[in-house]
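Asks: Reminder that position 299 of the sequence shown reads as 299 in UniProt numbering, one-by-one numbering, no gaps.
My questions will all concern the structure given below.
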Amino acid sequence: MSGLIVGSAFGPVKILPVNLKAVKGYFTLRQPVVLWQEMDQLPVQSIKCIPLYHPYQKCSCSLVVAARGSYVFWCLLLISKAGLNVHNSHVTGLHSLPIVSMTADKQNGTVYTCSSDGKVRQLIPIFTDVALKFEHQLIKLSEVFGSVRTHGIAVSPCGAYLAVITTEGMTNGLHPVNKNYLVQFVTLKTFEEAAAQLLESSVQNLFRQVDLTDLVRWKILKDKHIPQFLQEALDKKVESCGSTYFWRFKLFLLRILYQSMQKTPSEIMWRPSHEDTKILISDSPGMGSTEDDHQEEGTSKQASKQSLCEVSKGTDAGDPADDTLAHSSDIVGHEPMEEKLLEIQAQIEAVEMHLTREHMKRVLGEVYLHTWITENTSIPTRGVCDFLMSDEGYDDRTARVLIGHILKKMNKQTFPEHCSLCKEILPFTDRKQAVCSNGHIWLRCFLTYQSCQSLVYRRCLLHDSIARHPTPEDPEWIKRLLQGPCTFCDSPVF
1 MSGLIVGSAF GPVKILPVNL KAVKGYFTLR QPVVLWQEMD QLPVQSIKCI PLYHPYQKCS
61 CSLVVAARGS YVFWCLLLIS KAGLNVHNSH VTGLHSLPIV SMTADKQNGT VYTCSSDGKV
121 RQLIPIFTDV ALKFEHQLIK LSEVFGSVRT HGIAVSPCGA YLAVITTEGM TNGLHPVNKN
181 YLVQFVTLKT FEEAAAQLLE SSVQNLFRQV DLTDLVRWKI LKDKHIPQFL QEALDKKVES
241 CGSTYFWRFK LFLLRILYQS MQKTPSEIMW RPSHEDTKIL ISDSPGMGST EDDHQEEGTS
301 KQASKQSLCE VSKGTDAGDP ADDTLAHSSD IVGHEPMEEK LLEIQAQIEA VEMHLTREHM
361 KRVLGEVYLH TWITENTSIP TRGVCDFLMS DEGYDDRTAR VLIGHILKKM NKQTFPEHCS
421 LCKEILPFTD RKQAVCSNGH IWLRCFLTYQ SCQSLVYRRC LLHDSIARHP TPEDPEWIKR
481 LLQGPCTFCD SPVF
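Below, the structure is given as structure tokens:
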């Protein structure tokens, strides 16, 4: 059903017809549908429409919510075989002041409202046999941020965070002289809930669930290990399901674990040091005697040597056994950490190689479907085939069959890439870069594995890999490949 929900400053709420002839699966209203018709002088604000599924009626429905003064108006639209059913009512007793902002979580239909006195209400819809009802809970921001005034709220895409715009409240019965607007964040989910939602996600895209991954990142950085229940559940998903989404999730966890175990630098790298070296600027030969300068320089060198000797004697006078014990304990504690980091690094490289091989198989499948016999494309097909078959431990029957069909099509042709600077052949020995015999290095596009021999290219948000820009000579199937997200982190390429 298509329509535009419109509110009024006097109270009524209507759905106006909108013509959508070109969109399949929708029908257009012939006349407006009145959701609330009383002229009660309560202005309508913050209209939200949430698509839901009714578990008792076994059909899709739409929940329309709107702020009207200090109340929340809701209307449930059910489309059944009998036609359109409209159920509406108001939720009262939420706020003592008018609602200034309202937001909704479109995944589970939870509605959040706030008034200017710093109180936020969480409204959870519960379906009944015919319509629904709301359970509401109070979130006191004063317990978290102190005395504040709220001006607006918004919920993250997957409902992990609630963003609140606040200013300082009253102190000792007086308003502040200046207003400082701040954006505060409140977590709405625990780490366990975020991890479970990522494992059972129907979206299977890490970038679209970045608020959930942020909760997981914070937990691993804080505890410096991956929880056992998450590791076991993810291993089961990887073994039972062939989706690369769980491999990317595993790569994300390993990278955060590696980052958490790295030693943080004791000094801030960008901050300049104040220990500047002093340079003796001697006068010109005609301005003074140089013998005095040499004498002063000699005395200063002797004094510095004496002070260094005194410092060394002072350190030798202490107990040498304590220094050796402390040094040996640092070495013993440092070696297991390096071994752990090397082990995590090996796991990261193994997961990246698996994701690379899976994407290579997809690229070769596109090449096989869209090319004729002995056709030269911009994709180094023979190099990708040789790279997949070079590892003796990699035994994938699907890849071997696909490579066999492609090599038959190529009819012993190789179509190698050439360096644009020296015209030498670029061998395909590395998935990240290509190096010719003269030492010219070109980075490879992670979407098509072609060497990017230009000054302009694209990168994903996490800077995992680079991708080339599509050219007018590229066929449509290569342009579609270049529109894909990053194979390691699901982020778009810019």
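Glycine included, each C-beta is placed from N, C-alpha and C at the ideal position.
The structure presented is a predicted model; accordingly, all values stated were derived computationally and were not measured.
Within 10 Å of its beta-carbon, does isoleucine 379 have 16 or more other beta-carbons around it, so buried, or fewer, so exposed?
Replies: Buried is the call here.
Asks: Where does the unbroken beta strand (DSSP E) through threonine 487 begin, and where does it stop?
Replies: From DSSP, threonine 487 is part of no beta strand (DSSP E); its letter is neither H nor E.
Asks: Between the Cα of phenylalanine 415 and those of Pro427, Glu338, Leu421 and Val186, spot the shortest distance and give me the residue it belongs to.
Replies: Phenylalanine 415 has its Cα closest to that of Pro427, out of Pro427, Glu338, Leu421 and Val186.
Asks: Could you say if the region 425-440 and the region 391-402 meet the contact criterion of at least three C-beta pairs nearer than 8 angstroms?
Replies: Flag = no, the region 425-440 and the region 391-402 do not touch.
Asks: Quickly, what does DSSP pair histidine 87 with across the bridge? List them, please.
Replies: Leu76, per the DSSP bridge assignment.
Asks: In the region 420-462, which residue ranges form an unbroken beta strand (DSSP E) of at least 3 residues, counting only runs that do not cross its ends?
Replies: The region 420-462 contains these whole beta strand (DSSP E) runs: 433-435 and 441-443.
Asks: Would you kindly work out how many angstroms separate the C-alpha atoms of glycine 11 and threonine 487, rounded to a whole number?
Replies: For glycine 11 and threonine 487, the distance between alpha carbons rounds to 50 angstroms.
Asks: Check each candidate in Tyr112, Val34, Val183 and Leu443 and name the one with the smallest Cα separation from valine 155.
Replies: Of the listed residues, the one whose Cα sits closest to valine 155 is Tyr112.
Asks: Is DSSP giving methionine 102 helix, strand or coil here?
Replies: In the structure shown, methionine 102 sits in a strand (DSSP, three-state: E or B).
Asks: Whole angstroms are fine: how far does the CA of leucine 77 sit from the CA of residue 538?
Replies: Only positions 1 to 494 of the chain appear in this structure, which leaves residue 538 out of reach.
Asks: Check the C-beta distance from isoleucine 47 over to isoleucine 99 and give it rounded, since I have them as a contact under 8 angstroms.
Replies: That pair is no contact at about 12 angstroms.
Asks: Check for me: the beta strand (DSSP E) holding glutamine 54 runs from which residue to which?
Replies: This sequence places histidine at residue 54; glutamine is not what is there. Counting along the chain, the beta strand (DSSP E) containing histidine 54 begins and ends at 44-54.
Asks: Just to confirm before moving on: does the CB-CB distance between valine 64 and valine 44 stay below 8 angstroms?
Replies: No, they are not a contact pair.
Asks: Assuming isoleucine 466 contacts leucine 443 under a Cβ cut-off of 8 angstroms, what Cβ separation, rounded to an integer in Å, is found between them?
Replies: Indeed, because the Cβ distance is near 5 angstroms, the residues count as touching under 8 angstroms.
Asks: Could you tell me which whole alpha helix (DSSP H) segments of length 4 or greater appear in the region 340-395?
Replies: Whole alpha helix (DSSP H) segments, 4+ residues: 381-390.
Asks: Give every residue of the same chain whose Cβ lies closer than 7 angstroms to the Cβ of valine 144, excluding the five residues on either side of it in the sequence, and list them in chain order.
Replies: Same-chain partners within the cutoff: Val186.
Asks: Which whole-angstrom value describes the C-beta separation of proline 125 and glycine 109, a residue pair presumed to lie in contact below a C-beta threshold of 8 angstroms?
Replies: That pair is a contact at about 5 angstroms.
Asks: Let's see if you can read the secondary structure: which residues bound the alpha helix (DSSP H) around arginine 255?
Replies: Its alpha helix (DSSP H) spans residues 244-261.
Asks: Give the secondary structure of isoleucine 403 by DSSP, where H, G and I count as helix, E and B as strand, and everything else as coil.
Replies: Correct three-state label for isoleucine 403: helix.
Asks: Provide the residue span of the alpha helix (DSSP H) that contains arginine 208, from first to last.
Replies: Unbroken run through arginine 208: none, as it is neither H nor E.
Asks: Excluding the 5 residues preceding and the 5 following proline 32 in the sequence, name in chain order all residues of the same chain whose CB lies nearer than 6 angstroms to its CB.
Replies: Hits under 6 angstroms: Lys14 and Leu16.
Asks: Contact check, aspartate 490 vs arginine 255 under 8 angstroms by CB: the rounded distance?
Replies: The Cβ separation is near 13 angstroms, so there is no contact.
Asks: Which residues does DSSP list as the beta-bridge partners of proline 125?
Replies: Looking at the DSSP assignment, proline 125 forms a beta bridge with Phe134.
Asks: Applying the criterion that 16 or more other CB atoms from any shown protein chain within 10 Å of the CB defines a buried residue, is valine 177 buried or exposed?
Replies: The residue in question, valine 177, is exposed, as its Cβ has fewer than 16 Cβ neighbours within 10 Å.
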